[in-house]
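First comes the structure, then the notes that go with it.
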Amino acid sequence: MEVLNQVVAGGQFRMLKEPLGFLKLLEWLFAIFAFATCGTYSGEFRLSVECVNKSESDLNIEVEFGYPFRLHQVYFDVPACKGTEVEKVFLIGDYSSSAEFFVTIAVFAFLYSLAATVVYLFMENKYRENNKGPMIDFVITAVFAFMWLVSSCAWAKGLSDVKLATDPDNVIEGLDVCKKEGNTCKELKDPVISGLNTSVVFGFLNLVLWTGNLWFVFKETGWSAPFAKYPPAAPEKQPAPDTYADSYNQGSGYVQQDSYGQQGGYQPEYNQQGYGQPDPYAQQGGYGQAAPTSFSNQM
């Protein structure tokens, strides 16, 4: 049980929510319906032969047939209306080739869909490695799509022939005893062919599924990348040089004017009150910068 839990925990079940995995699961399911409805079929029809001599009549003749529809091997006994004499009558036709071909394709499609689903769930990394998995998957899917087309068409034609060969009215027309005057042959029961009709429907549904899945598998191969057209990238606008300067000055707080000259303090312009002009402090008797002070002379 722990091993099973580990396997389930390691699976990438999100793949079943994507078209690639979901369609593969449908292919697996529809393949089962296709070969089950055809490969397990068995049917019968009944008729009656009433002779002039009532004691020689057989009012309930059952004829059974089924897959693989080798009808030429199916026979039944009818009264010859000549005492106790009985004739052995065979059905006409051998339709096993189309039926067996259809079932074979369905079985192999079932097996491949099951294997591909397991790979999607538990070996996704190996499946996508170097795109080998999608490429192989695409080729096999294309082959099965074509095989579904051929086998479904062949089986549809074969089924129509089976219906004609097992129609009680057509069988009665081929009986010599029914052509004699006084003898009466009647159809009692037609074969039920609805299951075989369903198998043909599932065959063409599988064709649609496998053909539609080709697109999703093709996208995984990477073959469409060289043909993909990407919209051209919009050219990036380059701001003007003045814009850089303005944004720099406004954002950082640095200005081109000298802050020291406007806010007072040390004046870099020496010509206004410097050495070339008289100092107002010197005129009032204060300390000036016109001449150096010598403490040695005062002493």
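Numbering follows numbering that gives the first Met the number 0, with no gaps: position 71 of the sequence shown is 70. Built from N, CA and C at the ideal position, the CB exists for glycine as well. Model, not experiment: these values are computed from the prediction.
Residues of its chain near residue i, where Cβ-Cβ distance is below 6 Å and the 5 sequence neighbours each way are ignored
i      : result
Ala105 : Ala30, Ala33 and Phe34
Glu61  : Glu43 and Arg45
Thr197 : Thr36
Gly181 : Val51
Distance CB(residue i)-CB(residue j) smaller than 7 Å
i      : j      : result
Val102 : Cys37  : yes
Tyr94  : Gly157 : yes
Leu213 : Thr116 : no
Leu113 : Trp209 : no
Leu70  : Leu90  : yes
Val77  : Val51  : no
Met14  : Tyr111 : no
Gly20  : Asn130 : no
Phe12  : Lys188 : no
Lys162 : Ile135 : no
Asp160 : Gly92  : yes
Among the options, nearest to residue i - alpha-carbon criterion
i      : options                           : result
Lys218 : Phe64, Leu113, Pro133 and Leu163  : Pro133
Gly194 : Asn205, Asp57, Gly65 and Leu46    : Gly65
Phe109 : Asn205, Met14, Asp168 and Ser47   : Asn205
Phe75  : Lys81, Asp57 and Gly82            : Asp57
Tyr40  : Thr83, Phe121, Lys23 and Val199   : Val199
Arg127 : Lys23, Val88 and Val216           : Val216
Val207 : Ala144, Glu61 and Asp160          : Ala144
Gln72  : Asn59, Thr83, Ala164 and Glu123   : Ala164
Gly211 : Phe137, Lys179 and Lys178         : Phe137
Val142 : Phe107, Lys125, Pro190 and Asn182 : Phe107
Pro190 : Lys179, Val170 and Leu22          : Val170
Own chain residues within Cβ distance below 7 Å of residue i, not counting five before or after
i      : result
Gly202 : Ala33, Phe101, Trp147, Ser150, Ser151 and Trp154
Ala306 : Any question about residue 306 goes unanswered here, given that the chain covers just 0 to 298.
Pro67  : Ser95, Ala98 and Glu99
Asn270 : Model confidence at Asn270 stands at a pLDDT of 45, short of 50, so the residue's coordinates are unreliable; what they give is reported in the following sentence. For Asn270, where only same-chain residues beyond five positions count, there are no Cβ hits under 7 Å.
Pro18  : Phe215
Beta-carbon proximity list for residue i, same chain, < 8 Å, skipping 5 on both sides
i      : result
Asp168 : Glu186
Gly173 : Val88 and Ile91
Glu63  : Ser41, Gly42, Glu43 and Val73
Gly82  : Glu55
Leu24  : Leu15, Ser112 and Thr116
Asn329 : Since the first residue shown for the chain is 0 and the last is 298, residue 329 is missing from the structure and cannot be characterised.
Val179 : Looking at the sequence itself, residue 179 is Lys, so the reference to Val does not match. Same-chain partners within the cutoff: Cys80.
Lys125 : Val118 and Gly132
Strand pairing of residue i, partner residues [DSSP]
i      : result
Arg45  : Glu61 and Lys188
Lys87  : Asp76
Thr140 : BP columns for Thr140 are empty, so no partner.
Thr183 : Glu49
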